[in-house]
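> First to last, the protein sequences are chains A and B. Taken in order, the first sequence gives residues 5 to 254; the numbers are from the numbering used here. Taken in order, the second sequence gives residues 5 to 254; the numbers are from the numbering used here. Yeah, the Cβ is synthetic: ideal placement off N, Cα and C, and Gly gets one too. Sending over a structure as structure tokens; questions will come in a sec.
Number of protein chains: 2
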Amino acid sequence: MPEIRAIPLEGVGEVRPGVDISELVLQATRKKRQKLQPGDILIITHKVVSKAEGQIIPLSSVKPSPATQRWAKKFKLDARVVQLGLNESRRIVRRRNGITIAETRHGFVCANAGVDASNVDGGQSAVLLPRDPDGSARQIHRRIKSRVGFSVPVILTDSFGRPWREGLTEVAIGVAGMKPLRDYRGQRDAHGYRLRVTVDAIADELACMAGLACGKLSRAPACIIRGYPYQRGRGSGRDLIRPAKRDLFR
Amino acid sequence: MPEIRAIPLEGVGEVRPGVDISELVLQATRKKRQKLQPGDILIITHKVVSKAEGQIIPLSSVKPSPATQRWAKKFKLDARVVQLGLNESRRIVRRRNGITIAETRHGFVCANAGVDASNVDGGQSAVLLPRDPDGSARQIHRRIKSRVGFSVPVILTDSFGRPWREGLTEVAIGVAGMKPLRDYRGQRDAHGYRLRVTVDAIADELACMAGLACGKLSRAPACIIRGYPYQRGRGSGRDLIRPAKRDLFR
Chain A
5 MPEIRAIPLE GVGEVRPGVD ISELVLQATR KKRQKLQPGD ILIITHKVVS
55 KAEGQIIPLS SVKPSPATQR WAKKFKLDAR VVQLGLNESR RIVRRRNGIT
105 IAETRHGFVC ANAGVDASNV DGGQSAVLLP RDPDGSARQI HRRIKSRVGF
155 SVPVILTDSF GRPWREGLTE VAIGVAGMKP LRDYRGQRDA HGYRLRVTVD
205 AIADELACMA GLACGKLSRA PACIIRGYPY QRGRGSGRDL IRPAKRDLFR
Chain B
5 MPEIRAIPLE GVGEVRPGVD ISELVLQATR KKRQKLQPGD ILIITHKVVS
55 KAEGQIIPLS SVKPSPATQR WAKKFKLDAR VVQLGLNESR RIVRRRNGIT
105 IAETRHGFVC ANAGVDASNV DGGQSAVLLP RDPDGSARQI HRRIKSRVGF
155 SVPVILTDSF GRPWREGLTE VAIGVAGMKP LRDYRGQRDA HGYRLRVTVD
205 AIADELACMA GLACGKLSRA PACIIRGYPY QRGRGSGRDL IRPAKRDLFR
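The structure is reproduced here in structure tokens:
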């Protein structure tokens, strides 16, 4: 059983709208210890991808509705950020205590539809989720493959809260080059017993691992995971979204 | 920024009721590459702790109620396993399609109150969660500290499902020797901006990382995480359970 390593990718340059993220990543990996190897997985926080794709909204351009202004005032929130979250939502799941849990257009359920104004542009702008996180991951995956000559799966991440448990954990919102779920059903464990009802959210666990290596306070927006025997395949971040008919919590 | 490693602990002996888990772990770590070092964190799947503590129930001893028998028959489940889950629950959160999401006596919300009959004793027994996962973690932490001479935080894990997302991820149910949550509120990021509303569930992310290294099919019930700059402190698995008054989903 090999060990698994999370190697933060240092030296990724400033991300501005229009830059090619795969190029920034490749430049950073030229440093010796960070060189990409076959078997590596690349985890990237979605925020740099959103920035590169211009998914940044100046808050001065947002006009909150009167209802949003009242709600924001009551809970001491920035009404423009709340309004952006509503704009990005296709369904409100819960709304209480100043917290809006919403389903995004992609189908992700998270706080404020993934709209985040902290840590961006001195609080003058908000970052949205990428329009098509799987498409963004596939593009980065393709470009890196064409340059290094082998497939490096790409996972784009965000930090989501969860019902019943405190604290945020990282999740995968875009996936390319690997299967995000591992299905053990029908397989046998080390003792020869058949495993039942066991599907692991590998891509989310990889996102968590990268979250530990990069951290909120660091400058590393990406991380290499080395040593995890992932399953090749098309895969998609949507595979991790539970279909409505199997969802006990809607 | 250092890299983080997950090193599966191989060679942990057979776990029978009454064995000392800390002793089994220490024996396994005597192998050179697995030697414990200051800064290491020890992640242990709760199943071996439950076994050691005798939290194994022969299914032949369980008498399901008539209602449980009807429900189990309808969904082709083992009524004895369903009954054990109900016995271990203090609140039923959802019950549909043969799935019971319950709050355990500890306060964890998970499928069948954490009762698991797969992968145990050829399906003739079920494993319950440890009675006091924090207490178990503290005992292992204390014993290992007294033997190696430094503190190695201990996290006990289980695999939980989640609303809205497919697949299981590992979570921390017992913690000793470190803070399971990292609170960034009021701190500044690499760009000098103050971070808001950001608390990370570090212990859950460490559990996920260990889950990748150990895997469902392997024989490694424990894992060393090396290189993560954890925060010392008392910490508890209960810190990760959201209090009822802050819970939007009850």
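Buried or exposed, going by whether 16 or more other CB atoms sit within 10 Å of the CB of Gln235(B)?
Exposed, by the Cβ-count rule.
> Look up Glu174(B) in the DSSP assignment and give the residues it is bridged to.
Note: Glu174(B) sits in a beta bridge opposite Ser163(B).
> With DSSP as the reference, label Thr202(B) as helix, strand or coil.
Correct three-state label for Thr202(B): coil.
> For the region 57-68 of chain B against the region 124-134 of chain B, are there 3 or more C-beta pairs whose distance is under 8 Å?
As far as the Cβ criterion goes, the region 57-68 of chain B touches the region 124-134 of chain B, which means the pair count is three or higher.
> I'd like the span of the beta strand (DSSP E) that includes Arg95(B), first residue to last.
Its beta strand (DSSP E) spans residues 93-100.
> As a quick exercise: from Met5(A), Arg186(A), Val119(A), pick the residue whose alpha carbon is nearest that of Asp82(A).
Of the listed residues, the one whose Cα sits closest to Asp82(A) is Val119(A).
> Of all the residues that make up the region 233-251 of chain B, which are near chain A by a beta-carbon distance shorter than 8 Å?
Under the 8 Å Cβ criterion, the region 233-251 of chain B contributes Asp243, Leu244, Ile245, Arg246, Arg250, Asp251.
> At least one CB of chain B closer than 8 Å to the CB of Val131(A): is that the case?
Not an interface residue.
> Note down the Cα distance separating Gln143(B) from Thr161(B), rounded to an integer number of angstroms.
Taking the straight line from one Cα to the other gives about 15 Å.
> Would a C-beta distance cut-off of 8 Å place Ala226(B) and Ile47(B) closer than the cut-off?
Yes, Cβ-Cβ distance for Ala226(B) and Ile47(B) is below 8 Å.
> Out of curiosity, what's the CA-to-CA distance linking Glu107(A) and Lys249(A)?
Roughly 16 Å separates the two Cα atoms.
> Are there three or more Cβ pairs, one per stretch, closer than 8 Å when the region 78-97 of chain A is compared with the region 17-37 of chain B?
Cβ pair count under 8 Å is below three, so no.
> Do we get a CB-CB distance below 8 Å when we pair Leu213(B) with the residues of chain A?
What sits at residue 213(B) in the sequence shown is Met, not Leu. Interface residue, yes.
> Would you decide whether His229(A) is buried or exposed? Buried here means 16 or more other CB atoms lie within 10 Å of its CB.
Per the sequence shown, residue 229(A) should be read as Ile rather than His. Ile229(A) should be labelled buried.
> State the CB to CB distance for the pair Arg98(A) and Leu244(B), rounded to an integer number of angstroms; the pair is presumed to be in contact (CB under 8 Å).
Contact doesn't hold; Cβ gap of about 20 Å is too wide.
> Within the continuous beta strand (DSSP E) that includes Ile11(A), where are the two ends?
That run of the beta strand (DSSP E) goes 8-12.
> Using a Cβ cut-off of 7 Å, which residues of the region 143-164 of chain A contact any Cβ in chain B, in chain order?
Listed by position along the chain: nothing, the set is empty.
> Mind checking Phe154(B): buried by the 16 CB within 10 Å criterion, or exposed?
With fewer than 16 other Cβ atoms within 10 Å, it is exposed.
> Give, in chain order, every residue of the region 69-99 of chain B whose Cβ lies closer than 7 Å to some Cβ of chain A.
Here the close residues are Arg98.
> Measure from the C-beta of Asp24(B) to each C-beta in chain A and report whether the shortest distance is under 8 Å.
No, Asp24(B) does not count as interfacial toward chain A.
> Cβ closer than 8 Å: which chain B residues qualify as neighbours of Ile61(A)?
By Cβ distance, chain B contributes nothing, its closest Cβ being about 17 Å from Ile61(A), past 8 Å.
> Relative to the alpha-carbon of Gly239(B), which residue among Gly139(B), His110(B), Ile105(B) has its alpha-carbon at the smallest distance?
When each option's Cα is compared against that of Gly239(B), the closest is Gly139(B).
> In chain A, which residues lie less than 7 Å from Val113(B) when you measure between Cβ atoms?
The contacting residues are Trp168.
> When you compare each of Leu210(B), Ile148(B), Ala224(B) to Thr173(B) by their alpha carbons, which one comes out closest?
Of Leu210(B), Ile148(B), Ala224(B), the residue nearest in Cα terms is Leu210(B).
> Does DSSP classify Leu185(A) as helix, strand or coil?
DSSP places Leu185(A) in coil when its eight states are reduced to three.
> To be precise: take each residue of the region 7-33 of chain B, compare its Cβ to all Cβ atoms of chain A, and keep it if any distance is under 7 Å. Which residues remain?
For the region 7-33 of chain B, which is checked against every Cβ of chain A, the residues closer than 7 Å are Glu7, Ile8, Arg9, Ala10, Ile11, Pro12, Glu14.
> Based on DSSP bridge pairs, tell me the residues matched to Val131(B).
Answer is Ile60(B), Asp120(B), bridged to Val131(B).
> In the DSSP assignment, find the beta strand (DSSP E) that holds Leu28(A) and state where it starts and stops.
Unbroken run through Leu28(A) is the alpha helix (DSSP H), 25-33; no beta strand (DSSP E).
> Whose C-beta lies closer than 7 Å to the C-beta of Ser93(B) among residues of the same chain, with five residues either side of it excluded?
Ala106, Glu107, Thr108, Ala117, listed in sequence order.
> Could you check if Arg169(A) is buried or exposed, using at least 16 other CB atoms within 10 Å of its CB as the buried criterion?
It counts as buried.
> Pick out whichever of Pro70(B), Pro21(B), Pro42(B), Ala71(B) has its Cα sitting closest to the Cα of Gln59(B).
Checked all of Pro70(B), Pro21(B), Pro42(B), Ala71(B); the closest Cα to Gln59(B) is Pro21(B).
> Strictly under 8 Å for the Cβ-Cβ distance: is Leu40(B) near chain A by that measure?
Not one chain A Cβ lies under 8 Å of Leu40(B).
> Within the 8 Å Cβ cut-off, does Ile105(B) reach chain A?
So yes, Ile105(B) belongs to the interface.
> Is Ala214(A) closer than 8 Å to Ala10(A) when the C-beta atoms are compared?
Cβ distance < 8 Å, so Ala10(A) and Ala214(A) count as in contact.
> On the three-state DSSP scale, how would you describe Arg74(B)?
It is helical.
> How many angstroms separate the CA atom of Ser163(B) from the CA atom of Ala141(A)?
Straight-line Cα distance between these residues: approximately 27 Å.
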